[in-house]
Ligand SMILES: [Zn+2]
Ligand SMILES: [Zn+2]
Ligand SMILES: [Zn+2]
């Protein structure tokens, strides 16, 4: 983020003794004469206007006021002796700076109604034009929260989550609860498959400078590639809302944070990629599984291999299927041999062990 200066505005301060609003450049209350002390903070005027007067601008840029160490009066940064008591300001303390006061109030503000006589005064007025009473600033409206709250009631969400948890728990319990059966190998099936991949033209998208060298570039559109704090040729400046920062001098600096959007070509391109175009399959019902023979043509290659073996047992006049991807395990199941099966509530075989003894 780069900070961009839009200009300066005069701030104001409220006299704690009499309530009068005073311009930031005036260091003594215009109504009661009380000094602007360190504890009094500058505030934004209800309606702010960028300063064009050169003398005022110089004042605004001069730096933070110095609070006299003896009498507490604020003096301009350029002063060397306190204008109130004459003390040397070398021992004085500079006012704090850099506080963000709020959004730049460049829009016309509603008129201020005098609390004493009810007369409507322009937003820029500090005192009532009719009776001279101090005009209070309207309370600053609170900014709307930026994070949207979910409308979905939390209780319903909780109930759904609990329900899902209960269901998962029930399924887990039922599938791990097993009974032991003795079964005989009835049927065997095996299936082995090899994916056949071919170099296939595909359309992909990338930034122009990231398109592979051998690819053919198609349509391109200009898109924001990245944002950066510094300007660049062709980059678009994007700025946030201007706001006012206390300079400690009775003036505020109006700034906004800006970034530069750097554009680049986002392009379609055609290239060749390995894609599965077919699957060669071999299958059988014996104990001699084999891989299918491949007849690959140009620009084709063998892809992933997959094997699946099923053993169907007969136990208590019912069939149970055991599935594995391990061919060594499959080869143990001679037709007619007997095995101890662990069968869960859903009828799935979760474990197989040879029957002990002869
Ligand atoms: Zn006062
Ligand atoms: Zn002083
Ligand atoms: Zn009035």
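Residue numbers (this note's numbering): 427 to 784.
Idealized CB from N, CA, C, for every residue including glycine.
In whole angstroms, what separates the C-alpha of residue i from that of residue j?
| i | j | result |
| --- | --- | --- |
| residue 569 | residue 669 | Unreliable placement is indicated for residue 569, whose pLDDT of 49 sits below 50; the coordinate value is still reported in the next sentence. Answer to the nearest angstrom: the Cα atoms are 13 Å apart. |
| residue 603 | residue 622 | 41 Å |
| residue 654 | residue 643 | 27 Å |
| residue 572 | residue 581 | Interpretation of residue 572 is limited by its pLDDT of 43, a score under 50 that renders its predicted location unreliable; the figure taken from the coordinates is listed afterwards. About 24 Å. |
| residue 493 | residue 691 | 57 Å |
| residue 734 | residue 636 | 41 Å |
| residue 693 | residue 630 | 8 Å |
| residue 607 | residue 597 | 21 Å |
| residue 436 | residue 477 | 7 Å |
| residue 470 | residue 433 | 14 Å |
| residue 547 | residue 587 | 59 Å |
| residue 682 | residue 662 | 15 Å |
| residue 710 | residue 747 | 16 Å |
| residue 765 | residue 600 | 23 Å |
| residue 749 | residue 717 | 18 Å |
| residue 774 | residue 638 | 50 Å |
| residue 509 | residue 665 | 42 Å |
| residue 513 | residue 490 | 18 Å |
| residue 442 | residue 454 | 12 Å |
| residue 705 | residue 726 | 12 Å |
| residue 427 | residue 685 | 5 Å |
| residue 781 | residue 624 | 48 Å |
| residue 574 | residue 591 | For residue 574, the predicted model reports a pLDDT of 44, less than 50, meaning its position is unreliable; a value from the coordinates is still stated below. Cα to Cα, residue 574 sits roughly 28 Å from residue 591. |
| residue 430 | residue 484 | 19 Å |
| residue 515 | residue 444 | 27 Å |
| residue 440 | residue 563 | 10 Å |
| residue 559 | residue 549 | 14 Å |
So, at 8 Å on beta carbons, what are the nonlocal neighbours of residue i in its own chain, with the 5 sequence-adjacent residues on each side left out?
| i | result |
| --- | --- |
| residue 626 | 698, 699, 700, 701, 703 |
| residue 772 | 600, 601 |
| residue 511 | 494, 496, 497, 499 |
| residue 767 | 606, 607, 608, 609, 739, 741, 746, 748, 775, 777, 778 |
| residue 720 | 620, 622, 706, 728 |
Taking the beta carbon of residue i as the centre, do at least 16 other beta carbons fall within 10 Å, making it buried, or is it exposed?
| i | result |
| --- | --- |
| residue 779 | exposed |
| residue 672 | buried |
| residue 474 | buried |
| residue 583 | exposed |
| residue 628 | exposed |
| residue 446 | buried |
| residue 633 | exposed |
| residue 480 | exposed |
| residue 531 | buried |
| residue 533 | exposed |
| residue 438 | buried |
| residue 715 | buried |
| residue 578 | exposed |
| residue 486 | buried |
| residue 518 | buried |
| residue 594 | exposed |
| residue 777 | exposed |
| residue 536 | exposed |
| residue 465 | exposed |
| residue 769 | buried |
Just checking: is the beta-carbon of residue i within a distance shorter than 7 Å of some beta-carbon in chain B?
| i | result |
| --- | --- |
| residue 765 | As a matter of chain content, chain B is missing from the structure shown, which is built from one protein chain. |
My guess is that residue i and residue j are in contact by the Cβ rule of under 8 Å, so how many angstroms apart are they, rounded?
| i | j | result |
| --- | --- | --- |
| residue 687 | residue 650 | 5 Å |
| residue 689 | residue 660 | 6 Å |
| residue 740 | residue 609 | 6 Å |
| residue 731 | residue 620 | 5 Å |
| residue 504 | residue 488 | 6 Å |
Cutting at 6 Å between CB atoms, please list the residues of its own chain near residue i, excluding the five before and the five after it.
| i | result |
| --- | --- |
| residue 763 | 611 |
| residue 556 | 543, 545 |
| residue 529 | 667, 669 |
| residue 760 | none |
| residue 525 | 672 |
Could you pull out every residue in the same chain whose Cβ sits closer than 7 Å to the Cβ of residue i, ignoring the five residues on either side in sequence?
| i | result |
| --- | --- |
| residue 742 | 607 |
| residue 561 | 447, 538, 540, 547, 551, 552, 553, 554 |
| residue 456 | 446, 448 |
| residue 523 | 490, 672, 673, 674 |
| residue 652 | 688 |
| message | Below 8 Å, how does it come out for the region 444-459 and the region 670-679: are there three or more Cβ pairs, yes or no? | response | yes
| said: With three or more C-beta pairs closer than 8 Å as the rule, is the region 747-764 touching the region 605-622? | reply: yes
| query | Counting pairs of beta carbons, one from the region 461-480 and one from the region 488-502, are three or more of them closer than 8 Å? | reply | yes
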